[in-house]
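Sequential numbering of the sequence shown, starting at 28, is according to our numbering. The beta carbon of each residue, even a glycine, is placed where N, CA and C say it ideally should be. As the structure is a prediction and not an experimental result, all values here were calculated from the model.
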Amino acid sequence: MLEKTGAAVKGPLRVVVMVSGGGTNLQAIIDSVKDGTITNTQIVGVISNNKNAYALKRAAENRIPSSCVSPKDFESRSIFNEKLLEEVDSYRPDLVVLAGFLVVIPPEMIRKYENRIINIHPSLIPSFCGKGCYGLKVHEAALARGAKVSGATVHFVDEGTDTGPIFLQKAVEVRQDDTPELLQRRVMEQAEWQLLPRAIDLIANGRVKVEDNRTVILEQQKTE
Ligand code: GAR
28 MLEKTGAAVK GPLRVVVMVS GGGTNLQAII DSVKDGTITN TQIVGVISNN KNAYALKRAA
88 ENRIPSSCVS PKDFESRSIF NEKLLEEVDS YRPDLVVLAG FLVVIPPEMI RKYENRIINI
148 HPSLIPSFCG KGCYGLKVHE AALARGAKVS GATVHFVDEG TDTGPIFLQK AVEVRQDDTP
208 ELLQRRVMEQ AEWQLLPRAI DLIANGRVKV EDNRTVILEQ QKTE
């Protein structure tokens with residue numbers, strides 16, 4: 028869909044959001060669909076790996092269908108992977124958004140949904156990313172290294188960890204007296220909650236294509 032033409036899908040973009048925790052990024056997407064910052068988009072489902080995720084409450088409050096698929100409920104990783112893919116497929120999504128989903132995505136799913144899965148990561152990739160670097164740990168690592176600038180990245184998901192084509196990035200200042208929690212909050216407020224809605228809107232309006240592990244953002248079509 029996106030790779031060759033960047034053309035808009037017919038009808039609203041069907042989006043599934045995958046979550047593990049608080050779901051503030053999910054909330055930013057919900058609010059942006061409501062206020063028109065994201066156009067041409069329907070959130071058709073929310074999937075969590077954690078039944079206690081507050082993100083599931085946000086889905087329910089907004090009458091968005093949701094489900095939980097936890098690795099703990101299956102005998103093996105391969106059975107979990109199968110069930111997770113079945114669950115995603117059941118929503119017939121055009122786009123899968125990983126919004127703080129902290130489980131490794133099955134390779135079969137990455138192949139099936141090539142260039143149709145995006146992830147938000149709370150740093151400027153390629154800094155402070157990769158295996159084991161997620162959530163608060165990212166900000167701990169940035170502070171430990173003495174970085175003066177951090178930020179967030181939206182990227183397409185490939186089979187590596189945080190290695191797919193970079194789509195959008197925004198820098199955020201690191202302050203001298205930051206704690207990981209303060210930096211996390213600033214990165215969310217100043218970068219994540221804007222980038223992820225913008226990424227979805229660009230895709231929903233056919234304005235991004237992926238070429239040679241890079242993304243190209245297309246000019247907005249003029250309407251007369
Ligand atoms: C966000 O900061 C997101 O960037 C991060 O988890 C948090 C989820 O918060 N994701 C990663 O670290 C992925 N590598 P939320 O549940 O409030 O949206």
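Are there any heavy atoms of ligand 1 lying less than 7 Å away from the beta-carbon of residue i, as far as the coordinates show?
i, result
"LEU53", "yes"
"TYR22", "The structure shown does not extend to residue 22, since the chain is modelled only from 28 through 251, so no value can be given for it."
"GLN211", "yes"
"GLU219", "yes"
"GLY50", "yes"
"ALA82", "yes"
"ILE147", "yes"
"VAL165", "yes"
"GLY127", "yes"
"VAL46", "yes"
"ALA179", "yes"
Suppose the cutoff is 6 Å on Cβ atoms and the five residues either side in sequence are ignored; what does the same chain contact list for residue i look like?
i, result
"TYR118", "VAL43, VAL71 and GLY72"
"THR190", "none"
"ASN240", "PRO192"
Sorted by chain position, which residues of the same chain lie with C-beta nearer than 7 Å to residue i's C-beta, five sequence neighbours on each side aside?
i, result
"PRO207", "LEU163, HIS166, GLU167 and LEU170"
"TYR140", "VAL123"
Have a look at residue i and residue j and give me their C-alpha separation to the nearest angstrom.
i, j, result
"LEU122", "GLU200", "31 Å"
"VAL96", "LEU129", "13 Å"
"ARG41", "PRO149", "25 Å"
"THR68", "ASP228", "8 Å"
"GLY127", "LYS249", "35 Å"
"LYS78", "GLY49", "12 Å"
"ASP185", "ARG234", "20 Å"
"ALA174", "ARG213", "15 Å"
"ASP116", "GLU135", "12 Å"
"LEU53", "GLY38", "22 Å"
"VAL131", "PHE155", "18 Å"
"ALA87", "ARG202", "37 Å"
Throw me the rounded Cβ distance for the residue i and residue j pair, which I believe falls under 8 Å.
i, j, result
"LEU195", "LEU222", "5 Å"
"ASN76", "SER103", "With a Cβ gap of about 15 Å, ASN76 and SER103 do not count as contacting."
"ALA179", "ILE230", "Not a contact, Cβ separation roughly 17 Å."
"ALA226", "LYS197", "Actually they do not touch by this definition, with Cβ atoms about 11 Å apart."
"TRP220", "ALA82", "Actually they do not touch by this definition, with Cβ atoms about 14 Å apart."
"GLU210", "SER177", "Going by the sequence as given, residue 210 is Leu instead of Glu. Going by Cβ atoms, the distance from LEU210 to SER177 rounds to 6 Å, so yes, they are a contact pair."
"ASN89", "ILE57", "5 Å"
Measuring CB to CB, does residue i end up less than 8 Å from residue j?
i, j, result
"VAL124", "ILE91", "no"
"PRO120", "PHE107", "no"
"MET215", "THR66", "no"
"PRO133", "LEU112", "yes"
"ILE74", "SER94", "yes"
Could you check whether the Cβ of residue i sits closer than 7 Å to any heavy atom belonging to ligand 3?
i, result
"MET215", "The ligand content of the structure shown is limited to ligand 1, which means ligand 3 is not among them."
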